[in-house]
Amino acid sequence: MLACLLPTVVCANVVLSEVQWMGTGLSTADEWLEFTYVPTGSGARSLQPLGGWYVTSVNSSHEEKTIFTFPDGSFIGSGQYAVVSNYDADHSWLAEEPDFTSTAISLPNTKLLLRLYNSGGVVMDTADDGVGVPFAGENASGTGAKRSMERAVLTGSGGIKEHWVSASTFIGLDDGAPLFGTPGYANGTGFSYDSTPPNDATNFSARLFSGTLLSTWTPSASLDVLLQEMHTNPPVGTGRIVLPATATGWSMFVSSGNTVELHLFSIDTSGHVSSGITLIVDTSEEYSPAEDPKQGSGSSAHPGVYITEVLANPIGKDDDEWIEIANLGTGSVHIAGWVLDDGNSPQAFTIPNVRMLSGAWPPRFASGFVLAAGEHVSFRKSVTALPLGNQGERISLLSGSSVIDSWEYPETAEDVSYGRKIDSPQVMQPFCMPTEGAPNTEDLLQPFIAI
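Structure representation (structure tokens):
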């Protein structure tokens with residue numbers, strides 16, 4: 003008797019073919035439905051009107067609610083696919099614009115039951131049965147990849163579990179998205195693993211300001227970028243500067259009148275390297291902040307703060323390692339919230355908002371954290387928890403997504419620091435007499451003669 007009360011499913015060529023019920027890593031509301039018109043080979047029309055057709059979902063209160071209605075004039079061709087999404091492509095992991103959007107697309111993660119009705123109110127197809135977890139699809143957490151629920155048998159009932167599978171390939175998604183699914187494409191097509199390099203960064207530009215070349219860019223749109231590399235000619239250090247995936251700027255000291263080549267690459271988690279973008283800069287043209295910058299010339303001028311000295315191998319236990327930064331510019335700079343990072347530890351150090359509580363050397367009782375012009379300040383390992391390798395590594399100073407300064411120090415002898423030459427800060431050298439929290443000097447050690 004109960005079966006008589008259930009909607010009767012009419013044999014139809016238009017079916018629900020894919021359900022992204024679990025959202026994506028971008029948003030739990032980044033959900034979509036895919037429909038396809040299945041060719042029958044029996045003389046069925048090649049174009050199916052969909053105007054007035056609608057999709058319902060049964061909610062947790064067992065109420066059947068309409069979540070989308072196809073607008074008048076909608077059609078789908080034989081063998082074609084139509085995607086209905088909660089978000090447009092710019093706000094989802096869809097690589098292409100969906101055919102339709104509706105903010106009512108909200109799919110339950112349990113007891114999923116969808117029905118497709120024609121304009122006359124007749125059930126044409128179903129997806130799932132409204133009991134327990136969905137038939138297929140994976141809602142992976144953490145670093146795992148989610149998988150959509152795809153129809154394996156298009157000509158059979160969508161209410162049978164065996165007719166659905168978890169997606170094992172991907173296409174039609176943003177590059178690098180940790181997601182398997184084929185929205186807008188035949189199920190099972192596309193790629194089963196990442197075999198393509200990431201997209202390049204864009205809007206690459208640079209300008210010279212007070213002897214500092216400041217480059218800016220928009221990072222790669224690929225979602226699996228692990229890091230960026232800046233290659234320079236003439237080389238800075240090894241000529242390869244490793245930058246965070248989200249970095250939008252980097253700076254270097256240059257000599258006026260030379261040509262500098264910058265090559266920026268994006269590298270994804272699979273080790274694939276983008277083709278790279280190149281910028282050739284004539285450093286004979288100095289940018290004046292009084293001028294309006296040319297379009298594409300970059301953002302604000304460099305703040306003038308640099309990493310000036312590092313002591314990675316102090317005498318005895320390496321507990322008194324330190325990193326020094328200094329304001330080599332002409333105005334005061336607020337550095338609260340800036341980040342010091344080294345290359346061999348997972349954590350970074352964020353400069354506190356209040357200087358008196360920061361552990362900086364030399365100590366100063368002041369509200370906020372402002373570096374005056376010419377001021378030097380150091381942060382010890384006991385404060386930053388950053389272990390500096392005796393064999394050398396890269397250290398970086400970041401403000402937001404901009405890399406303010408970044409360079410590699412080499413292995414040095416015990417109690418020999420390494421940093422910028424006081425009168426030529428673009429020149430790096432070791433210092434036999436470290437000057438923590440003060441300008442670097444080239445004083446020689448006092449001779450000691452034992453008798």
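So my numbering is basically just the index in the sequence shown, starting at one, shifted up by 2.
Note that CB positions come from ideal geometry on N, CA and C, so glycine has one too.
With H, G and I counted as helix, E and B as strand and the rest as coil, what does DSSP make of H93?
Along the sequence shown, one-based indexing puts residue 93 at 91. Correct three-state label for H93: helix.
My guess is that V133 and E152 are in contact by the Cβ rule of under 8 Å, so how many angstroms apart are they, rounded?
Your numbering for residue 133 matches position 131 in the sequence shown. Your numbering for residue 152 matches position 150 in the sequence shown. Actually they do not touch by this definition, with Cβ atoms about 20 Å apart.
Quickly, what does DSSP pair W34 with across the bridge? List them, please.
Sequence index remark: in the sequence shown, residue 34 carries index 32 (1-based). Note: W34 sits in a beta bridge opposite Q22 and S87.
Which residue's Cα is closest to the Cα of I162: A129, E33 and P348?
In the sequence shown, residue 162 corresponds to position 160, counting from 1. Measuring from the Cα of I162, the nearest candidate turns out to be A129.
Is DSSP giving R357 helix, strand or coil here?
As a working note, residue 357 is residue 355 in the sequence shown. Helix, per DSSP.
Which residues in the same chain as S224 place their Cβ atom closer than 6 Å to its Cβ, once the five residues preceding and following it in sequence are excluded?
Counting from 1 along the sequence shown, the entry for residue 224 is found at position 222. Here the set comprises D177, G178, P200 and N201.
Please list the terminal residues of the continuous beta strand (DSSP E) segment that includes K423.
Here residue 423 is taken as the residue at index 421 of the sequence shown, counted from 1. Neither: K423 is in no beta strand (DSSP E) and is coded neither H nor E.
I'd like the span of the beta strand (DSSP E) that includes V125, first residue to last.
Numbered from 1 along the sequence shown, position 123 holds the residue referred to as residue 125. Run containing V125: V125 to A129, per the beta strand (DSSP E) assignment.
Is the Cβ-Cβ distance between V227 and A247 less than 7 Å?
Position 225 of the sequence shown, counted from the first residue, corresponds to residue 227. Position 245 of the sequence shown, counted from the first residue, corresponds to residue 247. Taking 7 Å as the Cβ cut-off, V227 and A247 qualify as a contacting pair.
DSSP has T218 in a bridge; who is on the other side?
As a first step, residue 218 must be located in the sequence shown, where it is residue number 216. Note: T218 sits in a beta bridge opposite S207 and G251.
Looking at C-beta atoms only, is the number of pairs between the stretch 270 to 287 and the stretch 391 to 399 that lie closer than 8 Å three or more?
no
Does the structure place the stretch 357 to 370 close enough to the stretch 409 to 417 that three or more beta carbon pairs sit under 8 Å?
no
Tell whether a beta-carbon distance below 7 Å holds between L109 and A147.
Here residue 109 is taken as the residue at index 107 of the sequence shown, counted from 1. Here residue 147 is taken as the residue at index 145 of the sequence shown, counted from 1. Against a cut-off of 7 Å, the Cβ pair of A147 and L109 comes out as no contact.
Relative to the C-alpha of K67, which residue among S159, L118 and I424 is closest?
Reading the sequence shown from its first residue, position 65 is the one you call residue 67. The candidate whose alpha carbon is nearest that of K67 is L118.
Entirely within the stretch 319 to 386 and at least 3 residues each: give me those beta strand (DSSP E) ranges in chain order.
The beta strand (DSSP E) runs of length 3 or more contained entirely in the stretch 319 to 386 are, from start to end of the chain, 324 to 329, 341 to 344 and 378 to 382.
According to the neighbour-count rule (16 or more other Cβ atoms, all chains shown, within 10 Å of its Cβ), is D74 buried or exposed?
The residue given as residue 74 occupies position 72 in the sequence shown. Flag for D74 reads exposed.
How is H233 classed by DSSP in three states: helix, strand or coil?
For the purposes of this step, residue 233 is taken as the residue at position 231 of the sequence shown. Note: H233 maps to strand in three-state DSSP.
Buried or exposed for K319, please, with buried defined as at least 16 other CB atoms from any protein chain shown within 10 angstroms of its CB.
In the sequence shown, residue 319 corresponds to position 317, counting from 1. With fewer than 16 other Cβ atoms within 10 Å, it is exposed.
Taking DSSP as the reference, what is the three-state secondary structure of E65?
If you number the sequence shown from 1, residue 65 lands on position 63. Shown here, E65 sits in coil according to DSSP, grouped into three states, outside any helix or strand.
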